[in-house]
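> Sequential numbering of the sequence shown, starting at 0, is according to numbering that gives the first Met the number 0.
Using N, Cα and C, we set each Cβ at its ideal position, and we do this for glycine too.
Following this message is one structure expressed as structure tokens.
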Amino acid sequence: MPPASKQPRRLTRCRTGCMRCRVRRRKCDEGKPSCRNCTDRGFNCQYGPQLTFLTKNAHTVEASDSGSTSGKYDTIRFIKEEPQKEEDLEIPKEQYISPEENIQQANHEGERLPSEHLNTPRQPLEVELPDWGAQDSSARGRSHGQASNSLFSDKDESAVAGLLALGTSTNETMAPSMGLSEFAISSPNNRDSSINQVTTPARYNDLSIPFSPAQIPTGSPLNMAISSTQTLELLRHYRYEVAPWLDICDLGQLFGIQGLQLAMVSQPAWFSVLALSEASMNLLRPLSSLVITDKTPGAPATPEAQLDITTLAFLRAMDESKNCILNFRAAWTQRAYDRELLGALEPKFAHRSLDSAIYWLYVRLDLAAALATDTDIQVPLSPNMSYLASRELRTEDPFEHVFCFAHRPLWLCARAMQFKHNEDVSPQTPPLHLWMQLVEELEQWYQERPQGFQPMMEISIDDRSIGIEQGFPVVLFAHGSGVFSNQLYHTAMLLLLHNRPRTARTSDFSSTAMSPLLHAQRICSIALNNDRRECWDPVLLASFLTAARRMTHESQQQEILRGFERIRRVTGWDASDLLHDLQEEWGLLDS
Numbered sequence: 000m001p002p003a004s005k006q007p008r009r010l011t012r013c014r015t016g017c018m019r020c021r022v023r024r025r026k027c028d029e030g031k032p033s034c035r036n037c038t039d040r041g042f043n044c045q046y047g048p049q050l051t052f053l054t055k056n057a058h059t060v061e062a063s064d065s066g067s068t069s070g071k072y073d074t075i076r077f078i079k080e081e082p083q084k085e086e087d088l089e090i091p092k093e094q095y096i097s098p099e100e101n102i103q104q105a106n107h108e109g110e111r112l113p114s115e116h117l118n119t120p121r122q123p124l125e126v127e128l129p130d131w132g133a134q135d136s137s138a139r140g141r142s143h144g145q146a147s148n149s150l151f152s153d154k155d156e157s158a159v160a161g162l163l164a165l166g167t168s169t170n171e172t173m174a175p176s177m178g179l180s181e182f183a184i185s186s187p188n189n190r191d192s193s194i195n196q197v198t199t200p201a202r203y204n205d206l207s208i209p210f211s212p213a214q215i216p217t218g219s220p221l222n223m224a225i226s227s228t229q230t231l232e233l234l235r236h237y238r239y240e241v242a243p244w245l246d247i248c249d250l251g252q253l254f255g256i257q258g259l260q261l262a263m264v265s266q267p268a269w270f271s272v273l274a275l276s277e278a279s280m281n282l283l284r285p286l287s288s289l290v291i292t293d294k295t296p297g298a299p300a301t302p303e304a305q306l307d308i309t310t311l312a313f314l315r316a317m318d319e320s321k322n323c324i325l326n327f328r329a330a331w332t333q334r335a336y337d338r339e340l341l342g343a344l345e346p347k348f349a350h351r352s353l354d355s356a357i358y359w360l361y362v363r364l365d366l367a368a369a370l371a372t373d374t375d376i377q378v379p380l381s382p383n384m385s386y387l388a389s390r391e392l393r394t395e396d397p398f399e400h401v402f403c404f405a406h407r408p409l410w411l412c413a414r415a416m417q418f419k420h421n422e423d424v425s426p427q428t429p430p431l432h433l434w435m436q437l438v439e440e441l442e443q444w445y446q447e448r449p450q451g452f453q454p455m456m457e458i459s460i461d462d463r464s465i466g467i468e469q470g471f472p473v474v475l476f477a478h479g480s481g482v483f484s485n486q487l488y489h490t491a492m493l494l495l496l497h498n499r500p501r502t503a504r505t506s507d508f509s510s511t512a513m514s515p516l517l518h519a520q521r522i523c524s525i526a527l528n529n530d531r532r533e534c535w536d537p538v539l540l541a542s543f544l545t546a547a548r549r550m551t552h553e554s555q556q557q558e559i560l561r562g563f564e565r566i567r568r569v570t571g572w573d574a575s576d577l578l579h580d581l582q583e584e585w586g587l588l589d590s
């Protein structure tokens, strides 16, 4: 006789059902992951914890009960997140040496300490530089005692790698668009690359640069002048205080990431980065004890013939930036650029790369000098920006989008400066036609700018409902590229309107767009409400100075003077000489 069919379990009320059935006092079938009641009614089914403690048994572990375990890591290694091949998992044990062991190796040459607890299942991707020069076996076999005298210890390298890692993304889909190379900290055994590898000609964009500053020779003046802690402080200042305003138009932070990578393998670039960082730090903190420039013998000179174009341009851009922030008057009146070098960078202006970032930095510095001294610009400009303008609309990459929209007003402002000082009239492009073309392109950019480039708050002068008593409207932007592009848009319009051909028709444009006073006030408004260090640039300072010359009301002039003092506190940039000239133009020094 067949066995009787098994009867389904009868549902009863219990304390082990889901939380919703227990609250609603319903029978629960305890189905996982969702019971039938919650499934039928579309509820979110959740179960309570299965493990509970009686009150008498629940207690907090005291500090004394936790033992004396130290929270210090023996070794920190930055690894590539993707799984490696099986053959890559076999890692020589001698490559994993803790910082403490490295210090003891420096004191006792040839003596090795065991490191049994440093096995790691994955190996970081380490890319070797091309073997530009043959190295003898003695150079490859140098002891760790000699290597420990290099500029960085293992702890320092890990800290610097952390600075870069905070500015990058682990999303591998972003790496190709940014053009970033893979980097990893080289093991102590591989720290013997000679300086010849750093200065031998090469194409920087075609190389995957390993992240290690060990190529810097041990006897360099900088190595003897400051400690590794001070070096890290300078690198940190460059990464978080200097590079943000260098990358004001670039969300990808080419100067902050690729520029620092380049400095790690090029001794001249390394010294230039530290010198710029030290100059900026001394301006913000005059009592700083770091002295690596002027009073130190400096980096050994490297023949320019041994440097590739990117490295040479990077060196000069860092030096120009340093000279500018140290003495604006001297930098703006004594500018001299290598037109051949800039001509080699100019064809790359439309593509995001370190070459392009360097070129646009030169344009910013040159335009700042031209605005402050009322002279023509010297950096070669592309005759048109149609390619860059078309990419504004068709690109979906946010980095490219911001890059295009931020640099277009910069180019138009530089072209407006060229128009003002252009004495050679071309029959193909008469002044009237060129003036109308520039104004139309500026108005097109202003009307088509995305939401991120529009003010997030705007309060007019006559709005007294919130109790604001000042001579300029309040204009606030969300990020530095919005501040930069809008202020240069108004600067370009101010230049063009003050140099308008007599036969130019302005009826096709709005009356507010054709008011020079309105554009000057907007420039001052944007500058006076810009209180973030990373949102300031020398060209914005020169633009503010240009608009301030046209302010005639005493209350506005006093507010502008207070604004320049606030800029000095925020950025450390001292423009007292320029303010003296401005006050002399206003006639404030006569009284």
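Taking contact to mean 3 or more Cβ pairs, one atom from each stretch, closer than 8 Å, check whether the segment 306-319 and the segment 555-563 are in contact.
At 8 Å Cβ cutoff, the stretches do not touch.
> When DSSP labels each residue in this structure, what does I256 get in the three-state scheme?
In this structure, I256 counts as helix in the three-state DSSP scheme.
> Could you please give the first and the last residue of the uninterrupted alpha helix (DSSP H) stretch that includes E457?
From DSSP, E457 is part of no alpha helix (DSSP H) but of the beta strand (DSSP E) over M456 to I458.
> Cutting at 8 Å between CB atoms, please list the residues of its own chain near D354, excluding the five before and the five after it.
If we look at D354 and ignore the five residues flanking it on each side, its Cβ neighbours are N204, I308, T309, A312, L344 and K347.
> Count the other CB atoms, across all protein chains shown, that sit within 10 Å of the CB of D365; report buried if there are 16 or more and exposed otherwise.
It counts as buried.
> If you reduce the DSSP assignment to three classes, tell me which class L179 lands in.
Its pLDDT being 36, under 50, L179 is placed unreliably by the model, and the measurement read from it follows with that caveat. Coil, per DSSP.
> Can you tell me which of D318, S276 and L411 puts its alpha carbon nearest to the alpha carbon of M384?
When each option's Cα is compared against that of M384, the closest is L411.
> Per DSSP, L475 is paired with what?
In DSSP, L475 forms a bridge with M456.
> If you measure between the beta carbons of M456 and L475, is that distance less than 8 Å?
Contact: yes.
> Mapping DSSP to helix, strand and coil, what is C37?
C37 falls in the helix class under three-state DSSP.
> Measuring only the C-alpha atoms, how far is E339 from D318?
Roughly 18 Å between the two C-alpha positions.
> If V272 and Y237 are in contact, beta carbons under 8 Å, what's the gap, nearest whole angstrom?
Right, the Cβ-Cβ distance comes to about 6 Å (below 8 Å), so this counts as a contact.
> What does the Cβ neighbour count give for H518, buried or exposed, with the cut at 16 atoms within 10 Å?
Classification of H518: buried, given that the 10 Å Cβ count is 16 or more.
> Leaving out five residues before and five after D536 in sequence, what residues of the same chain have Cβ atoms less than 7 Å from its Cβ?
Closer than 7 Å at the Cβ level, and outside the excluded window around D536, lie W244, I247, R363 and F483.
> Report the residue ranges of all alpha helix (DSSP H) runs contained in full by the segment 502-557; include only those spanning at least 4 residues, in chain order.
For the segment 502-557, whole alpha helix (DSSP H) runs of length 4 or above, ordered along the chain, are 515-527 and 537-547.
> Output the distance between the C-alpha atoms of A146 and E232, rounded to the nearest integer angstrom.
Bear in mind that the predicted position of A146 carries a pLDDT of just 36, short of 50, making it too unreliable to give a figure here.
> So, helix, strand or coil for E29, using DSSP?
Residue state, collapsed to three classes: coil.
> Tell me the residue span of the alpha helix (DSSP H) that contains L273.
Here the alpha helix (DSSP H) through L273 covers Q266 to L283.
> Return the first residue and the last residue of the alpha helix (DSSP H) that L53 is part of.
First-last for L53: undefined, no H or E at that position.
> Measuring CB atoms only, is the segment 567-583 touching the segment 319-327, in the sense that at least three cross pairs come out at less than 8 Å?
Yes, the segment 567-583 is in contact with the segment 319-327.
> Over the uninterrupted alpha helix (DSSP H) stretch that includes T230, give me the two end residues.
Counting along the chain, the alpha helix (DSSP H) containing T230 begins and ends at S227 to H236.
> Is L487 closer than 8 Å to M513 when the C-beta atoms are compared?
Against a cut-off of 8 Å, the Cβ pair of L487 and M513 comes out as no contact.
> Residues in the same chain with beta-carbon distance under 7 Å from T332, minus the five sequence neighbours each way, listed in chain order, please.
Once the five neighbours on either side are set aside, the close Cβ partners of T332 are T372.
> What is the C-beta distance between C523 and A546, in whole angstroms, given that I count them as a contact (C-beta under 8 Å)?
The pair is a contact, with the Cβ atoms about 5 Å apart (cut-off 8 Å).
> Given a cut-off of 8 Å, decide if R548 and L581 are closer than it, judged by their beta-carbon atoms.
Yes.
> Quick check on Q450: buried or exposed, where buried means 16 or more other Cβ atoms within 10 Å of its Cβ?
So Q450 ends up on the exposed side.
> Return the chain-ordered list of same chain residues with a C-beta closer than 7 Å to the C-beta of A335, the five sequence neighbours on each side being excluded.
Correct list: empty, nothing qualifies.
> Under three-state DSSP, which class holds Q122?
Note that Q122 scores 44 on pLDDT, short of 50, meaning its location in the model is unreliable; the coordinates nonetheless yield the value given after this. In this structure, Q122 counts as coil in the three-state DSSP scheme.
> Assuming C403 is part of the alpha helix (DSSP H), what are its boundary residues?
That run of the alpha helix (DSSP H) goes P397 to H420.
> Give me the residue from E553, H478, D507 and S509 with the minimum Cα distance to N594.
Nothing about residue 594 can be reported from this structure: the residues present for the chain run from 0 to 590 only.
> Could you check whether the Cβ of A268 sits closer than 8 Å to any Cβ belonging to chain D?
Of the protein chains in this structure there is only one, and it is not chain D.
> Does the distance from the CB of N43 to the CB of R25 come in under 8 Å?
No, Cβ-Cβ distance for N43 and R25 is not below 8 Å.
> Three-state secondary structure (DSSP) at L311?
Looking at L311 - three-state DSSP - the assignment turns out to be helix.
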